[in-house]
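Using our numbering, you'd call the opening residue of the sequence shown number 19 and step up by one each time.
Virtual Cβ for every residue (Gly too), placed ideally from N, Cα, C.
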Amino acid sequence: MSEQRGNSSSLLSAARRRVELTQQAIDTAQLLEFVTTPEAGAVVLFLGTVREMTGGRQTVALDYEAYPEMALAKMHELIDDASVKWPIAKAAVVHRLGHLTLGEASVAVAISTPHRGDSFAAGQYLIDELKVRVPVWKKENWADGTTEWVHPGLT
Numbered sequence: 019m020s021e022q023r024g025n026s027s028s029l030l031s032a033a034r035r036r037v038e039l040t041q042q043a044i045d046t047a048q049l050l051e052f053v054t055t056p057e058a059g060a061v062v063l064f065l066g067t068v069r070e071m072t073g074g075r076q077t078v079a080l081d082y083e084a085y086p087e088m089a090l091a092k093m094h095e096l097i098d099d100a101s102v103k104w105p106i107a108k109a110a111v112v113h114r115l116g117h118l119t120l121g122e123a124s125v126a127v128a129i130s131t132p133h134r135g136d137s138f139a140a141g142q143y144l145i146d147e148l149k150v151r152v153p154v155w156k157k158e159n160w161a162d163g164t165t166e167w168v169h170p171g172l173t
């Protein structure tokens, strides 16, 4: 991991960050293009996808809902917090809303830093904190026909 911590001047500017809630499929190529910059030697992309088994139960789909204004504000706050801890060049956090089926990406975090250790650490921080702090809820649609609303940070 590099010895430099955080951004030397200030929090990450609006031009160097992207946060989004979307009903559309997450465009990973667009995210990678956004965070790629000559000053960064490392780019990490994390995708959370809808998996088939959760806690021993078979999932058929997930439905996501959010409190948009607060969710977007919290996503910006997470990038602010991360930019104090790591030398982030650019960052993007995108969460899907609506009905998602198996294999679809529900969340993406893309990050660029000068060195890979910082990109991995900042990316993990962003996804871990997003699941706890951002008001996005999911409804698990189980194979047996039952459903259950959950917020990952509250379980």
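Whole angstroms are fine: how far does the CA of residue j sit from the CA of residue i?
i: isoleucine 129; j: arginine 69; result: 24 Å
i: phenylalanine 138; j: isoleucine 97; result: 14 Å
i: glutamate 51; j: tryptophan 167; result: 34 Å
i: arginine 34; j: valine 53; result: 8 Å
i: alanine 58; j: threonine 77; result: 38 Å
i: tyrosine 82; j: isoleucine 145; result: 16 Å
i: alanine 107; j: glycine 141; result: 12 Å
i: glycine 116; j: alanine 84; result: 10 Å
i: glycine 66; j: arginine 36; result: 17 Å
i: serine 20; j: tyrosine 143; result: Annotation note: pLDDT 36 at serine 20 (below 50); position unreliable, no value reported.
i: arginine 75; j: aspartate 162; result: 9 Å
i: threonine 164; j: glutamate 38; result: 30 Å
i: lysine 92; j: tryptophan 155; result: 14 Å
i: methionine 71; j: histidine 169; result: 17 Å
i: aspartate 99; j: threonine 55; result: 21 Å
i: leucine 118; j: lysine 157; result: 10 Å
i: histidine 94; j: glycine 73; result: 31 Å
i: threonine 46; j: alanine 32; result: 20 Å
Would residue i and residue j qualify as a contact pair, given that the criterion is a beta-carbon distance under 9 Å?
i: arginine 114; j: glutamine 42; result: yes
i: alanine 89; j: proline 153; result: yes
i: leucine 30; j: serine 101; result: yes
i: alanine 126; j: leucine 80; result: no
i: isoleucine 44; j: valine 150; result: no
i: aspartate 136; j: proline 105; result: yes
Between the options, which lies nearest to residue i when the distance is taken from Cα to Cα?
i: leucine 120; options: Ile106, Gly74, Trp160; result: Trp160
i: threonine 40; options: Leu30, Ala123, Ala107; result: Ala123
i: valine 61; options: Lys103, Glu95, Asp45, Ala110; result: Ala110
For residue i, which residues does DSSP report across the bridge?
i: threonine 165; result: Asn159
My parser needs the alpha helix (DSSP H) runs of 4 or more residues fully inside the region 24-58; what are they?
Restricting attention to alpha helix (DSSP H) runs no shorter than 4 residues, the region 24-58 encloses them at 46-53, ordered along the chain.
Which full runs of the alpha helix (DSSP H) of 4+ residues lie inside the region 127-160, going along the chain?
Listed in chain order, they are 134-151.
Just to confirm the assignment: which complete alpha helix (DSSP H) runs, minimum length 4, are found wholly within the region 52-120?
Listed in chain order, they are 86-103.
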